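Below is one structure, written out as structure tokens; comments come after it.
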Amino acid sequence: MYKDCNCKDSQTLSWRKVPTLKNFSRIQVAESSLLPREIPSHLLTMGNWIINHGISGLILAVWLGLNVFLFVNAFLLYEKADKYFYTRKILGSALAWARASARCLNFNSMLILIPVCRNLLSFLRGTCSFCRSTLRKQLDHNLTFHKLVAYMICLHTAIHIIAHLFNFERYSNSRKATDGSLASVLSSLYNDKKEENYWLNPFHSPDMTVEYVTFTTIAGLTGVIITIALVLMVTSAMEFIRRSYFEVFWYTHHLFVIYFIGLGLHGIGGIVRGQTQESMHESDPHKCEESFQTWKDHHPSCKNPRFEGHAPESWKWILAPLILYLFERIILRGYRSLQKVEIIKVVMHPSKVLELQLTKRGFSMEVGQYIFVKCPSISYLEWHPFTLTSAPEEDFFSIHIRAAGDWTENLIRAFEQQHSPFPRIQVDGPFGTVSEDVFQYEVAMLVGAGIGVTPFASILKSIWYKFRQDDRKLKTQTIYFYWICRETGAFAWFNDLLASLEQEMEDLGKVGFLNYRLFLTGWNSNIAGHAALNFDKATDILTGLKQKTFFGRPMWDNEFSAIATAHPKSAVGVFLCGPKKMAKSLSKRCRQHSSLDPRKVQFYFNKENF
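Going by the working numbering, the first residue of the sequence shown is number 14, and it counts up by one from there.
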């Protein structure tokens with residue numbers, strides 16, 4: 014599966030499409046928004062939210078608390094410290110605003126890469142004992158945290174830029190001033206003397222403009238470059254662009270290299286300056302302010318103050334995570350890309366879906382994991398994520414690729430036009446996802462929208478093998494599988510798998526273990542009429558399976574109520590690969606239908622995050 018699960022979701026069914034056929038009342042129609050719903054108490058909702066999101070809320074609170082602490086600490090330092098006494102005479106409080114936001118920028122720039130260190134997350138998920146259960150689930154929110162950190166960077170970037178605009182304006186005005194004020198006197202120091210390194214105002218001449226200083230100093234120029242890179246990365250990461258023009262998102266997001274280089278160099282110029290420690294011992298700013306302003310240099314205890322630039326700090330914050338990330342992306346990925354990948358089978362499915370069955374020496378996977386794929390003949394730089402649709406028990410691994418952009422369309426076209434030898438494929442991974450935890454629950458609800466079924470195909474295949482091998486370690490007792498598609502051709506992708514599972518469950522006397530529902534949302538009168546006329550047949554006319562296809566969308570309240578009744582004391586894992594709107598709907602129902610008593614049924618929502 015191309016990691017772009019997307020299927021429009023709506024709770025409203027258009028009843029005008031229902032054909033007036035004699036047998037149509039026997040067709041299974043799904044939920045209408047007109048149906049009444051049970052409204053649980055606010056206490057129940059809050060209690061289950063704490064159960065499902067308590068640790069996430071704690072992590073978020075710690076992160077926000079650290080941001081507040083760093084901001085306040087830096088603000089008070091630059092607002093109160095004697096070292097910046099004279100600097101504040103020129104800049105006022107804008108100095109503290111600029112430096113406090115810079116501190117938070119460094120902190121969040123340190124964090125931004127860690128959530129996308131996929132090998133690190135997979136290692137924590139698979140090997141660390143403290144990452145089990147609830148704590149381990151937090152790893153599945155890595156991209157959400159990555160986005161939150163990015164928003165925080167944008168916020169502090171805006172504060173930093175605005176504060177420095179005020180600073181530059183005040184630097185310029187104080188350098189041009191001739192009124193003998195302390196700010197004007199400080200601004201004219203050391204510009205024509207041998208001790209020129211002790212200046213305070215970067216505007217060394219009254220003729221210098223803000224634009225000139227911005228584009229001729231290291232701090233100013235790198236600040237402009239960093240801002241441009243950040244704007245491009247953030248705007249291209251918008252969901253519409255990321256889904257419709259993935260290549261634009263992919264290339265512009267790699268401007269992070271320029272961003273981090275610029276950030277590391279940004280403080281070298283030392284534009285923000287404070288009084289040197291030696292100078293503060295010679296001339297206490299509180300005692301010498303008036304004397305210095307009236308040019309009483311002859312006073313034995315008040316010499317002209319000397320200033321030094323603030324030592325660069327950004328590189329100290331970002332060096333370690335940058336090395337870790339580059340190690341993953343360059344060394345590990347480079348090593349894996351050199352390993353030979355053999356294509357053993359190519360299958361073209363309906364609706365322009367390509368299935369590749371591959372082998373690679375030493376490759377080991379778990380259910381629901383994904384890999385990154387590169388095809389050098391299409392693009393030498395681009396890597397794209399795809400969910401594995403094979404089971405760990407198989408001697409190959411497979412992916413299903415839906416045409417969803419230029420790269421995937423070119424890849425499908427290359428395999429359609431070229432037979433043997435096929436285009437060369439490189440693979441990086443596999444990497445862990447939330448679906449790995451499916452067998453940790455007694456009861457599992459799997460919900461796939463369109464091509465979002467692929468992680469669950471891996472799970473269902475693995476179940477088939479576990480029953481074939483009589484695996485007694487299987488904790489899961491019941492699985493409810495929901496597949497929602499817009500067109501009938503999509504069901505053909507895994508028809509054989511579902512048919513095999515149906516037969517296997519019957520042969521083993523475990524018919525109740527797997528309960529699946531197929532929902533067709535893109536139906537019309539002709540399709541519904543054809544299904545109604547053939548409703549009495551043993552198999553479904555659309556899929557050939559024994560389970561009949563539902564028309565419309567699931568009645569989620571009914572489904573959750575039925576599962577809660579059937580499993581009154583079970584932990585139910587709800588797994589979704591689908592759009593945000595459906596995620597909100599299922600998450601809400603997990604809260605509504607969970608019991609306030611932790612000993613009774615609890616629904617735990619899990620979503621694939623890309």
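Using N, Cα and C, we set each Cβ at its ideal position, and we do this for glycine too.
Being a predicted model, the structure only gives us computed values, none of them experimental.
Endpoints, beta strand (DSSP E) assigned at residue i
| i | result |
| --- | --- |
| residue 495 | 491 to 498 |
| residue 484 | Premise fails: residue 484 is in no beta strand (DSSP E) and is neither H nor E. |
| residue 411 | 410 to 415 |
| residue 387 | 383 to 387 |
| residue 372 | 366 to 373 |
| residue 400 | 397 to 400 |
| residue 451 | Here residue 451 belongs to no beta strand (DSSP E), and DSSP marks it neither H nor E. |
| residue 568 | Unbroken run through residue 568: none, as it is neither H nor E. |
| residue 354 | 354 to 362 |
| residue 456 | 456 to 462 |
Own chain partners of residue i with C-beta closer than 6 Å, once the 5 adjacent residues on each side are dropped
| i | result |
| --- | --- |
| residue 468 | 381, 400, 448, 590 |
| residue 536 | 564 |
| residue 104 | 180, 183 |
| residue 478 | 404, 406 |
| residue 123 | 330, 331, 334 |
| residue 620 | 589, 596 |
| residue 505 | 363 |
| residue 355 | 372 |
Same chain, Cβ closer than 8 Å to residue i, five either side skipped, listed in chain order
| i | result |
| --- | --- |
| residue 240 | 170, 174 |
| residue 237 | 227, 228 |
| residue 245 | 265, 268 |
| residue 532 | 43, 495, 496, 497, 498, 562, 563, 564, 565, 566, 567 |
| residue 337 | 126, 127, 130, 133 |
| residue 242 | 268, 269, 271, 272, 275 |
| residue 346 | 385, 396, 441 |
Contact set for residue i: own chain, Cβ-Cβ below 7 Å, skip 5 residues either direction
| i | result |
| --- | --- |
| residue 215 | 184, 226, 230, 284 |
| residue 109 | 88, 91, 92 |
| residue 234 | 228 |
| residue 189 | 219 |
| residue 471 | 380, 381, 401, 402, 403, 404 |
| residue 526 | 491, 492, 518 |
| residue 515 | 558, 559 |
| residue 326 | 119, 280 |
| residue 292 | 318, 319 |
| residue 625 | Residue 625 lies beyond the range of the chain shown here (14 to 623); nothing can be said about it. |
| residue 83 | 116, 117, 120 |
| residue 618 | 65, 587, 599, 600, 603 |
Environment of residue i [buried if 16+ CB atoms lie within 10 Å]
| i | result |
| --- | --- |
| residue 534 | buried |
| residue 611 | exposed |
| residue 54 | Reliability fails at residue 54, whose pLDDT of 40 lies under 50, so the model's placement of it is uncertain and no value is given. |
| residue 74 | exposed |
| residue 615 | buried |
| residue 442 | buried |
| residue 361 | exposed |
| residue 605 | buried |
| residue 71 | exposed |
| residue 575 | exposed |
| residue 154 | buried |
| residue 224 | exposed |
| residue 578 | exposed |
| residue 572 | buried |
| residue 476 | buried |
Run of the alpha helix (DSSP H) containing residue i, from where it starts to where it stops
| i | result |
| --- | --- |
| residue 222 | From DSSP, residue 222 is part of no alpha helix (DSSP H); its letter is neither H nor E. |
| residue 151 | Note, residue 151: premise wrong, no alpha helix (DSSP H); not H, not E. |
| residue 332 | 327 to 339 |
| residue 255 | 252 to 257 |
| residue 440 | No alpha helix (DSSP H) contains residue 440, which is instead part of the beta strand (DSSP E) from 439 to 444. |
| residue 519 | 508 to 520 |
| residue 533 | Note, residue 533: premise wrong, no alpha helix (DSSP H); beta strand (DSSP E) at 527 to 533. |
Supposed contact pair residue j and residue i - C-beta distance, whole angstroms, cut 8 Å
| i | j | result |
| --- | --- | --- |
| residue 457 | residue 497 | Wrong, their Cβ atoms sit about 17 Å apart, outside the cutoff. |
| residue 129 | residue 159 | 6 Å |
| residue 232 | residue 282 | 4 Å |
| residue 113 | residue 177 | Not really, about 12 Å apart at Cβ, beyond 8 Å. |
| residue 96 | residue 287 | 4 Å |
| residue 455 | residue 489 | 6 Å |
| residue 434 | residue 427 | Actually they do not touch by this definition, with Cβ atoms about 11 Å apart. |
| residue 438 | residue 371 | 7 Å |
| residue 599 | residue 587 | 6 Å |
| residue 698 | residue 412 | It is not possible to answer for residue 698, since the shown part of the chain is limited to 14 through 623. |
8 Å Cβ cutoff, residue i in contact with chain C
| i | result |
| --- | --- |
| residue 438 | In the structure shown, chain C cannot be found, because there is only a single protein chain. |
(Q) To test your reading of the DSSP string, which unbroken beta strand (DSSP E) runs of 3 or more residues are found completely within the region 263 to 324? (A) 286 to 288, 320 to 322
Q) Could you give the uninterrupted runs of the alpha helix (DSSP H) lying entirely in the region 571 to 610, keeping only those of 4 residues or more? A) 593 to 606
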